[in-house]
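Below: one structure, written as structure tokens.
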Amino acid sequence: MSDDAARGLDALAAAPPPLAPGLSALLEAELGKLAPVATRRPLRQLAILVGVSLVYGAALLGMLTMRQDLAELPMAWLAAAGVAWLFGFLLPAYLALVPQPGTLTPRWPWAAAAAVGSSVAFVVLGRLAHPTGASSLTYGWERFPHGHSCLELGLATAVVPVVAGALFLRGALPVGSRWIAACLGAAGGCLGGLVLHLHCRITDWPHVALIHGSVVGVSAALAAALAPRATDRVLERQ
Numbered sequence: 071m072s073d074d075a076a077r078g079l080d081a082l083a084a085a086p087p088p089l090a091p092g093l094s095a096l097l098e099a100e101l102g103k104l105a106p107v108a109t110r111r112p113l114r115q116l117a118i119l120v121g122v123s124l125v126y127g128a129a130l131l132g133m134l135t136m137r138q139d140l141a142e143l144p145m146a147w148l149a150a151a152g153v154a155w156l157f158g159f160l161l162p163a164y165l166a167l168v169p170q171p172g173t174l175t176p177r178w179p180w181a182a183a184a185a186v187g188s189s190v191a192f193v194v195l196g197r198l199a200h201p202t203g204a205s206s207l208t209y210g211w212e213r214f215p216h217g218h219s220c221l222e223l224g225l226a227t228a229v230v231p232v233v234a235g236a237l238f239l240r241g242a243l244p245v246g247s248r249w250i251a252a253c254l255g256a257a258g259g260c261l262g263g264l265v266l267h268l269h270c271r272i273t274d275w276p277h278v279a280l281i282h283g284s285v286v287g288v289s290a291a292l293a294a295a296l297a298p299r300a301t302d303r304v305l306e307r308q
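Following my numbering, the numbering of the sequence shown begins with 71 at its first residue and continues without gaps.
This is how it looks when you write it as structure tokens:
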């Protein structure tokens, strides 16, 4: 390297750094509109979802009336089945909304397991012996198609927790969004199953297992298909 080149490099190194260009008026105006964004509070959102969903389910029961054979069935069975449906609602809702401690990552593998497990478990539980009272009804296979109204009621019950969960989670799921949506659907389906458990007096196993139990799986499948698309549309409008 020549002496002139070396002196040029030394002078360049000793020169003060160039001044950064000023911000344009348009960029300054956009920056001025920025506002702090509140972080998501998963436990609070879970409490809101559970509270609103239970009030909604109770309101449906109030409009529909409780099952007429309620006093004729074993209280221990009624309570145990009710707790199972309630737990099936709370656990998937927790797994869908609350991330792992210390992270923002959704628990989508656990959510997937909860969605699949609960969808199968409540069909199996419905296949087990169901107590019958004097006021209970049995449809059997002959009138099995007439039980579709219970499936519709269960899905209608599932709408509120699924919509509330999707609103809470919009833009917060970089991966596993369909499994999280399925988990929300399974939670809503279990809430629907709880409402049916307290309302419907049909006690034969095809109805209880394949109608009441399938509400969980159908809700999970519908939520997995629809909830992520609805979230994407919300994000596009923002």
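Glycine residues also receive a C-beta, built at the ideal position from the N, C-alpha and C atoms.
With DSSP as the reference, label V96 as helix, strand or coil.
The residue asked about is misnamed: residue 96 is Leu in this sequence, not Val. L96 falls in the helix class under three-state DSSP.
Flag this pair as yes or no: are the beta carbons of G158 and C260 separated by less than 8 angstroms?
It is a contact, given that the beta carbons lie within the stated cut-off.
From what residue to what residue does the alpha helix (DSSP H) around S206 run?
Unbroken run through S206: none, as it is neither H nor E.
Count the other C-beta atoms from every protein chain shown that fall within 10 angstroms of the C-beta of T135, then say buried if there are 16 or more, exposed otherwise.
By the neighbour-count rule (16 or more Cβ atoms within 10 Å), T135 is not buried but exposed.
For the alpha helix (DSSP H) that contains I250, what are its first and last residues?
Taken as a continuous stretch (DSSP letters only), the alpha helix (DSSP H) holding I250 covers 247-269.
If you count every other CB in all the chains shown that lies within 10 Å of the CB of W147, and 16 or more means buried, which is it?
So W147 counts as exposed.
My output table needs one value for Q308: the three-state DSSP class, helix, strand or coil.
In this predicted model, Q308 has a pLDDT of only 40, less than 50, meaning its place in the structure is not dependable; the value taken from the coordinates is given anyway. Coil at Q308, not helix or strand.
Suppose you measure from the CA of T175 to the CA of P169; what does that come to, to the nearest Å?
Straight-line Cα distance between these residues: approximately 6 angstroms.
Relative to the C-alpha of W249, which residue among G263, V265, V232, L264 is closest?
Per the Cα distances, V232.
Which residues bound the alpha helix (DSSP H) around Q170?
Looking at the DSSP string, Q170 is not in any alpha helix (DSSP H), and its letter there is neither H nor E.
Would you report the Cα separation of L143 and W275, rounded to the nearest angstrom?
For L143 and W275, the distance between alpha carbons rounds to 16 angstroms.
Considering just the uninterrupted stretch of the alpha helix (DSSP H) at T227, what are its terminal residues?
Residues 218-239.
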